Each structure stands twice: as C-alpha cells, then as structure tokens.
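Let me begin by presenting the structure, written as structure tokens, before commenting on it.
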DNA sequence: CGGATTTAGTTTCATTTGTAACCAATGGCA
DNA sequence: TGCCATTGGTTACAAATGAAACTAAATCCG
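Protein chains in written order, with this note's numbering: chain D, -19 to 137; chain G, -19 to 137.
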C-alpha cells in the first residue's frame, strides 16, 4: 500500500482537537466547578472536599462505617481514613466502635458536625443552582439523564 | 426527573443528596474517564496526562511557546514546565529559543514526538467514541452543547 | 540610554494524593 | 477449637501538585 503524505492529509478519524475532546472538556468543567466550590468551603469552614463529602453523606445517613462512606462517596479508603481523622480531631464527627464488628467504626456527626452540615447544605444547593442557571429546566433534566448514562458507560471503560 | 417527597423534616432547599449533586457527579465522571485513559497511556506509552495534552496540542499547532501551551491546555505554567522538561529529555519535543523573545521557547514535536502523536490520536478518538457509544448522535450533540454552556457558566463562578 | 516593571519559565518547598505494606479483628472450616 | 484467608482501617513512603520565590530577558518610560 502506498504511504500517506507525511504531515498533511490526516484522515478524519485521526484528527484530535483537544478543545473538543470530551474527556478533556469534562476534566476542565469538573475542575472549574470543584475549584470554585472548594475554595469557598476552605475559606469559610476550613473544609476540604473529601471532608465535605463525608459530612454530606453522614448528614443524611448517620452511622455508616468508613467502608460504607468510601463506597457512598467513591473515595478510596485511605482518603476516607485521613479525612475522618481530621473530622474527628476537629470534633465534627465521632467514631464509635461498631456493635457487630470490632474493627469497624460507626461514624456520626457530632452536634458541631450537624450544625456545619446545616450550614453547608444550602450553600451547596445554591452553588449548583447558580451553575445550572445557564440551562433551562428541560435542559437540566436532559443533562442529568445524559450524565447518568455516561457514568454507567464510564464504569466499564 | 422525580419530585422529592418531603418525608424528612428538611425543606427542599436544604436537601443535599451527594449522589445527585452535579459537581460531585461531574467529578466522578471525569475521574472515571480520565483514569481509564490515563492508565492506558501510562502503560502503553509511558505518558502522563499533562504530557499527553501537550503532545496533542503541539501535534496540531507546532511552534507554540510554553505559555501558549498553558493557555491551550488550561494547565498552569508550572505543570507545563515540568511536563515539557520530561518530554524534551525523552526527545519527544524540542525546545528552541524563540525568534522574537529570548525568554520564550518554541516547542515542536520531534520525529519521535510526531510518531507518538500519530499513534495516540486514533486511540484517543476511539476511547471517546467508546464512551459516547452510550448516547445517540442527537444526544451527543446535545450533550456537547450543554457542556459548552456549562463551561462558560463555570468560568465566572 | 538606564532604572523600574513586567513577563517567560524554573526551582524550591510544603501539601496532597496514591500505592503498597501493615496491624488487628473476623469468618470460615477442618 | 485452632489455623488461615479475608476484611476494616491505618501507616509509611513515593510521586504528583500548588503556591511562592526566583532568574533572566524584555518592555516601559523618564
């Protein structure tokens, strides 16, 4: 077979434009959003994103173990361990030995943690609302559904 | 989209469900996709994501300076500096003093870099295609447009 | 010109993050 | 029982990342 021209004449399949490449775009979008939110929480509450996630999940589901928190937040267990340690030492979360398993710990928000949760939840909702203000209601629903599908697809990449 | 039943005492505005929180979902999606792709490139080509981005952008736009690369890839200049250093020492990129500015460098792919680019581009396109296989053509277009809008919105968060 | 200011890129140092090894409690199961 | 593989969680170490200080070249402007 005849060799193709060296630098020109790329076939469409080979044309990679970073700015249009979905994984790249997702990364940029996620970073922009996360950074905006993270700096806000860091300044106001001295809270990192992993800590924030743990507060959020314990707020709705008290008594989870570290492992369950890891599953619920999709963080790995080391990250959870570290964030929990900080939260415990800040008296925002209490860790009690689990009834049925001496290794596991039952994690719950302390009163302080509850108070914090009550303050951050509305802010989170508000941030999301501000971002989504760029879309109509129908578009939001569409987007949400599409993200769901992609999340599932991405699981088995 | 389903209406939330008010079964807890909390008002809707305060109800934060991590799994449905868009910034969280975006982060998870982006991570899954990036991780899948990154491990593949790491194994096959010994290439990190920042390096990969630089190769991608120089492939289409040779002669950019580090600063321009930073802008094009949305990475900060430190990250670019480090990745470029690795690429240069691996002889994948060459950095020549810029004609008009002695501080700047003109970055181009070497022959090796070109060859690498020619190999990774189709793989990238293919990965993206596999992910997007979960969506119909119309949905892809929709999604893409929505991401564009959110990217713009996220810029001024 | 020539000093002050800005800009391109690098280096340094502190933090964060990821991987693997580790410890201790548990659950099989012979 | 008692041994061994498994599991929940932590620790240790290495690599990646980010912020700020730094070098050197360019620009501004008297």
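In this text, a Cβ means the ideal position worked out from N, Cα and C, and glycines have one as well. Values in this document were obtained by computation on a predicted structure and should not be read as measured data.
Cβ-based burial, residue i [other Cβ within 10 Å; buried from 16]
i	result
residue 7 of chain D	buried
residue 12 of chain D	buried
residue 53 of chain D	buried
residue 117 of chain D	exposed
residue 125 of chain G	exposed
residue 80 of chain D	exposed
residue 33 of chain D	buried
residue 82 of chain D	exposed
residue 123 of chain D	buried
residue 23 of chain G	exposed
CB contact flag (residue i, residue j, <7 Å)
i	j	result
residue 72 of chain G	residue 44 of chain G	no
residue 129 of chain G	residue 114 of chain D	yes
residue 16 of chain D	residue 137 of chain G	yes
residue 76 of chain D	residue 69 of chain D	no
residue 9 of chain G	residue 104 of chain D	no
residue 27 of chain G	residue 133 of chain D	no
residue 64 of chain D	residue 50 of chain D	no
residue 127 of chain D	residue 0 of chain G	no
Residue from the options whose Cα sits closest to the Cα of residue i
i	options	result
residue 91 of chain G	G/67, G/137, G/111 and G/2	G/67
residue -2 of chain G	D/57, D/64, D/47 and D/108	D/108
residue 58 of chain D	D/22, D/31 and D/88	D/31
residue 42 of chain D	D/88, D/36 and D/94	D/88
residue 135 of chain D	G/3, G/14 and G/1	G/14
residue -6 of chain D	G/-6, G/122 and G/98	G/98
residue 39 of chain D	D/24, D/2, D/101 and D/123	D/101
residue 36 of chain D	D/93, D/78, D/84 and D/47	D/93
residue 78 of chain G	G/56, G/106, G/47 and G/24	G/47
residue 3 of chain D	G/29, G/56 and G/62	G/29
Proximal residues of chain G, C-beta to C-beta of residue i below 9 Å
i	result
residue 122 of chain D	119, 122, 123 and 126
residue 40 of chain D	-12, -5, -4, -3 and -2
Contact set between residue i and chain D, taken where Cβ atoms lie within less than 9 Å
i	result
residue -6 of chain G	98, 101, 102 and 105
residue 138 of chain G	In the structure as shown, chain G starts at -19 and stops at 137, and residue 138 of chain G therefore has no counterpart that could be examined.
Neighbouring residues, chain G, relative to residue i (Cβ below 7 Å)
i	result
residue 90 of chain D	Per Cβ cutoff of 7 Å: no residues; residue 90 of chain D is ~18 Å from chain G at best.
residue 10 of chain D	6, 7 and 10
residue 14 of chain D	3 and 7
Amino acids of chain D, ordered along the chain, whose beta-carbon sits closer than 7 Å to that of residue i
i	result
residue 22 of chain G	None at all; the shortest Cβ gap to chain D is about 15 Å.
residue 54 of chain G	8
Chain-ordered neighbours of residue i on chain D, where CB pairs are closer than 8 Å
i	result
residue 46 of chain G	What residue 46 of chain G touches in chain D: nothing, since even the nearest Cβ is about 16 Å away.
residue 111 of chain G	2, 3, 130, 133, 134 and 137
residue 36 of chain G	-4, -2 and 1
residue 72 of chain G	Here the premise fails: no neighbours, minimum Cβ distance about 16 Å.
residue 33 of chain G	-2 and 4
Cross-chain neighbours of residue i in chain G, by beta carbon under 8 Å
i	result
residue 108 of chain D	1, 2 and 3
residue 50 of chain D	Under the 8 Å cutoff, chain G gives no residues; its nearest Cβ is about 13 Å from residue 50 of chain D.
Closer than 6 Å: residue i CB and nearest the ligand NAP heavy atom
i	result
residue 25 of chain G	Among the components of this structure there are no ligands whatsoever, and the ligand NAP is therefore not found.
| Minimum length 4: unbroken alpha helix (DSSP H) runs contained in the region 20 to 53 of chain G | With a minimum length of 4 residues, the continuous alpha helix (DSSP H) runs that stay inside the region 20 to 53 of chain G are 29 to 40 and 46 to 53.
| task | Give, in chain order, every unbroken run of the alpha helix (DSSP H) that is at least 4 residues long and sits entirely within the region 78 to 128 of chain G. | result | As far as the region 78 to 128 of chain G is concerned, its whole alpha helix (DSSP H) runs of at least 4 residues are 91 to 112.
| request: Could I get the ranges of all uninterrupted alpha helix (DSSP H) runs contained in the region 56 to 81 of chain D, with 4 residues as the minimum, in chain order? | output: With a minimum length of 4 residues, the continuous alpha helix (DSSP H) runs that stay inside the region 56 to 81 of chain D are 57 to 69.
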